[in-house]
Each structure stands twice: as C-alpha cells, then as structure tokens.
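When you line the sequence shown up against my numbering, it's residues 897 to 1285, in that order. We treat Cβ as the ideally placed atom computed from N, Cα and C, and that holds for glycine. Bear in mind that the values here come from a model prediction, so they are computed numbers and not experimental data. Notes to accompany the following structure.
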Amino acid sequence: MSSPERVKVVVIGAGQAGLSVAYYLRRFELVADEDFVMLDRAPGPGGAWQHRWSSLRLGTAHRVNDLPGMSDLGLSFDTADRTLPAKEVVADYYGRYEEHFDLRVRRPMNVRSVENDGVDLRVHYEDLTPQPIEEQKARGLFRRRRSFEEPGPPPPPRYEITSQFLVNATGTWGSPFVPYYPGMADFAGRHVHTSDYTSAEDFRDKHVVVVGGGTSAIGFMLELEPVAAGLTWVSRRPIDWLDRQELDLEGASAAVAIQDEAARSGRALPSIVSGTGVPKSRRIAAGIERGLLAARPMFDRIEADRVVWDGPDGGMARADVIIWATGFRPELRHLAPLKLREKAGGVQVGQGAAWNDPRIFLAGYGPQASTIGASRAGRMIARQIMAMI
Ligand code: FAD
C-alpha cells in the first residue's frame, strides 16, 4: 500500500474559524501549497450557515463578523442583502473568499478520526461525493439486499493523510444537544432539534412546545405564532432580558471571559446565552408586549400528546411537536483517539492551543465560538504554528 500523503498542516472544517486560520497561513505564505490541506464534510461553502433554516436573515441572529481580508473582495456582511436567507449570503461570500485566496478546500470530505502516528498525526477521512452507479459497479460495491437485488449504500472511499499540525475547526452544528426528560420516548409526536428546523410551515395547525432560552427559541416563537394551532414556550432558566436592542461589546466580553475560563480549565463549555443575556430588538419587545414571549419554567415530564408540570401549580400543554432549541456541543468525536478530553468534560484550550498536545489547535472553541472570535482565532493560531514550523 502506498504511504499516505504527508503535509505540515491539516485544517478540519471550512467555516468562519477554519477559513480564518487558512487565510493567515496561506495569504502570508506561512505554508506552501503542498504543505497545507483543508478538509470539510459539507457539500459546499458556508460552514454551518449553509444548513440553517431559510427564514434566518443576517441580523435576526446577532451580527455576523467579516472574515479577515474580506474587504479585498469588496465584501462585508454589514452591507450584505438582509432580505436574502443568511444561508445563501454566507455561502456565497465564503465561496468567493475561498476562490479569491485560493484556499482549495477539499469537500465533501468527512474526517472520521485522528490518531497519533509517531511525531505526526494521522487523519483518516472519507469522500462523501455521491458515487455514480457505474462507478459503484466497477468498484464491486453492488450488494445483495434482502430478497431482491439493488445497490446497497456503498462505503465511501477512504483516505489517510499525515500531518505535523492539526487545526480542528469543526464547530458545533454536527453535535446537537437535547437534554433528557422523563417520558421522551413515549411521546407520540415529533421531536425536532434546531438543526432539523427548516420552515415554520412544517408546523401549520400543530400544537408546538418550544424549549430553550436563546435567540433560536425566540426566533421560532415569533415565526410560529401565525401558523401554529397552539404555542408554548419553556425555558430551563429565567430569560435575562437586556434593555438594549443589540448585544454590546461589554456584555459580550463578559460572556467570552466565562467561556475562556471554562476552556482553560478543561471544563465543559457553558451556554453562551447564559453569559450574554438576550437583547430586546423591536420585534422581540413587541412579542413580549403582546404576551407571546413569556417563558414558562421547564416542564417535568412528557406524555404521548402533552408536556406536564408536576409542581404545586401543575398543569399541562398539548404537544404535537417539541422543538428543542437547546443548543449544541463542540464536535470533537473524531479526536477521541487523542484522548484530549479532561475528566471535567472539556478540552483544556488556551489561545486556541490544546494544552496537552502542542501539535493541536482548536479554532472556534470556547471564547472563539462567535464569528468575531472565530475570525480572531485565525491570526492567533497561525502565529503559534509559524513559531513551531
Ligand atoms: P462552523 O460554521 O460550524 O464550521 C465548521 C465546519 O466544519 C463545517 O463546514 C462542517 O462541515 C465542518 N466539519 C465538522 N465536522 C467535520 C468532520 N468531522 N470532518 C470534516 N469537516 C467537518 N455567531 C455570530 O457571531 N453571529 C450570529 O449571528 C450567529 N448566529 C448563529 C445562529 C445559530 C442558529 C447558531 C447555531 C450559531 C450562531 N452563531 C452566530 C455562532 C456561529 O455559528 C459561530 O460562531 C461561527 O459561525 C462558527 O464558525 P465555525 O467555523 O467555528 O463553525
């Protein structure tokens, strides 16, 4: 078997964080073309944004910060079209950015695992490109299935690459979090996580319970109000409403400090919104005013067609659908063989570097988990790699 490709730097993930690192490494020629590989599992540019629901616009989330060097292309998210779905605008801008700076992302390439290989790291990945039937036949991938002959899903072609440094920039979208509540499995309706939400129309005439205290939950409540037959909002903690329309830098920096402290001590990362509070845009303030945006405390259990509160006040709410806007966790499964995770539940990371392994960087993790943090991560991580190369 031929030996795997060997490079200096592999970046996993071409979202805001991965592109920002790639920009600094490539634009300033810190690594040569042949020493740099970027892998992303998604079919196209846009990072997690390409998967978000169509009604999400730039500005209805928070603020999407520009990537470094974006002004060279005459692009800025601040002046982007706010009437178009954010998923389209971001995918378009990222695509043009990759092309302009010749970032050569290999996609759709899913990294399955990373392991130690002496002083190097060995990255195992698979090509998720749909295979034409003829090619599957040629590769002997037709299999007998049950009693009739039809092609089974072929295993994707697999590859390996070894690298001196690894920048993991895989975000959180692929790792949705749903907390456990008694009765979940007995629910006869649909459980939907933020990552499955596509359009409010899917919930027309349904009784919907929205769970979560962040911007996504609030956005769903506002969108569902005109279409749902019944709408209940619950949150595990009281909503910390801010008396301003947007997050200010001071508020955000306190939340970033909380994330940084957790990352440095290797603890599981807390929810970002628990540190920032929720700004009251005009649309949200109107929703509060008309009584829509009043969260009930979390229910105690779920039955086939309802959620139930057992406390002294008791009560129930009918439910055909429960939407879990309960967040995400960093997507790090493929790094498991490296045993980076601490007993406290997180990876110890400071300035984007894994403290237990100087070859590994986590871009977009903890304090970098916003588009502004992810953009800053690029320079910070590229500098550290440069110092060691
Ligand atoms: P991502 O954009 O998730 O990119 C990660 C990339 O890694 C993806 O392209 C994925 O395909 C790839 N990948 C993952 N695993 C693998 C693997 N095993 N192999 C290969 N590739 C892999 N932040 C803001 O600053 N402003 C906002 O308005 C805002 N709105 C948000 C709205 C929602 C609903 C959510 C969930 C988050 C929002 N955020 C916002 C946070 C924001 O998404 C992030 O801060 C930032 O965009 C994340 O960039 P990233 O590069 O870290 O991750």
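message: Could you pull the DSSP bridge partners for residue 1220 from this structure?
response: 1089, 1107
- prompt: Based on the DSSP output, what are the partners of residue 1080 in its beta bridges?
  reply: Bridge partners of residue 1080: none, in fact.
- request: Kindly give me the distance between the Cβ atoms of residue 921 and residue 1182, rounded to whole angstroms, as I take these residues to be in contact under 8 angstroms.
  value: Actually they are not in contact, since the Cβ atoms of residue 921 and residue 1182 sit about 46 angstroms apart, beyond 8 angstroms.
task: Answer yes or no: the CB of residue 1025 versus the heavy atoms of the ligand FAD, is any distance below 7 angstroms?
output: no
- request: Can you give me the Cβ contacts of residue 1294 inside the same chain, cut-off strictly under 8 angstroms, excluding the 5 residues immediately before and after it?
  value: Within the shown structure, residues of the chain are numbered from 897 to 1285, placing residue 1294 beyond reach of any answer.
task: Determine the direct distance from the alpha carbon of residue 1242 to that of residue 1157, and round the result to whole angstroms.
output: 11 angstroms
task: Taking only the alpha-carbon atoms, compute the straight-line gap between residue 1190 and residue 1184 and give it to the nearest angstrom.
output: 7 angstroms
- prompt: residue 926 and residue 993: beta carbons closer than 8 angstroms?
  reply: no
- request: Might you give, ordered along the chain, the residues of its own chain that have their beta carbon closer than 7 angstroms to the beta carbon of residue 977, omitting 5 neighbours on each side?
  value: 985
query: What does residue 935 pair with, by DSSP beta-bridge criteria?
result: 908, 1002
- prompt: What did DSSP end up calling residue 958 once you bin it into helix, strand or coil?
  reply: coil
message: Can you determine whether any heavy atom of the ligand FAD sits closer than 7 angstroms to the C-beta of residue 1195, and answer yes or no?
response: no
query: What is the DSSP secondary structure of residue 1139, reduced to helix, strand or coil?
result: coil
message: So residue 1198 and residue 1114 are supposed to be a Cβ contact under 8 angstroms. How far apart are they, rounded?
response: That pair is no contact at about 22 angstroms.
Three-state secondary structure assigned by DSSP to residue 1068: coil
message: Tell me which residue opens and which closes the alpha helix (DSSP H) that residue 1163 is part of.
response: Where residue 1163 is concerned, there is no enclosing alpha helix (DSSP H), given that its DSSP letter is neither H nor E.
- request: Quick one: residues in its chain with C-beta nearer than 8 angstroms to the C-beta of residue 1004, no 5 flanking neighbours on either side, listed in chain order?
  value: 936, 937, 938, 939, 1023, 1024, 1025
query: What residues in its chain sit with their C-beta under 6 angstroms from that of residue 1289, if we drop five residues either side in the sequence?
result: Within the shown structure, residues of the chain are numbered from 897 to 1285, placing residue 1289 beyond reach of any answer.
field: Three-state secondary structure (DSSP) of residue 1112
entry: helix
message: So residue 1013 and residue 1058 are supposed to be a Cβ contact under 8 angstroms. How far apart are they, rounded?
response: 6 angstroms
task: Can you check DSSP and say which residues form a bridge with residue 1240?
output: Per DSSP, none; premise fails for residue 1240.
- prompt: With DSSP run on the structure shown, which of helix, strand or coil describes residue 1017?
  reply: strand
query: Within 7 angstroms: the Cβ of residue 896 and any heavy atom of the ligand FAD?
result: What the structure shows of the chain is the stretch from 897 to 1285, and residue 896 is not part of that stretch, so it cannot be assessed.
query: Is residue 1068 near the ligand MN, with its Cβ less than 7 angstroms from a heavy atom?
result: The model on display carries the ligand FAD but not the ligand MN.
query: Do the segment 1255–1263 and the segment 947–959 make contact, defined as three or more Cβ pairs closer than 8 angstroms?
result: no
- prompt: Going along the chain, which residues of its own chain have a beta-carbon closer than 6 angstroms to the beta-carbon of residue 968, five neighbours each way excluded?
  reply: none
- request: Mind reading off the beta-carbon distance from residue 1175 to residue 1071? Whole number of angstroms is fine, and I expect it under 8 angstroms.
  value: At roughly 26 angstroms, the Cβ-Cβ gap does not stay under 8 angstroms, so residue 1175 and residue 1071 are not in contact.
message: Measuring straight from C-alpha to C-alpha, what distance separates residue 1142 and residue 958?
response: 8 angstroms
Cβ neighbours of residue 1194 in the same chain (closer than 6 angstroms, five flanking residues each side left out): 1130, 1132
- prompt: Skipping 5 residues on each side, what residues in its chain have a beta carbon closer than 6 angstroms to that of residue 1220?
  reply: 1074, 1089, 1107
- request: Confirm the yes/no value for this check: CB of residue 936, any heavy atom of the ligand FAD, distance under 7 angstroms.
  value: yes
- request: Output the distance between the C-alpha atoms of residue 1086 and residue 929, rounded to the nearest integer angstrom.
  value: 48 angstroms
message: Once DSSP output is grouped into helix, strand and coil, what is the label at residue 1264?
response: helix
- prompt: Starting from residue 1197 and walking both ways along the beta strand (DSSP E), at which residues does that stretch end?
  reply: 1197–1199
message: Considering only their Cβ atoms, is the gap separating residue 934 from residue 960 smaller than 8 angstroms?
response: no
- request: Run the proximity test for residue 1270: is its beta-carbon closer than 7 angstroms to any non-hydrogen atom belonging to the ligand FAD?
  value: yes
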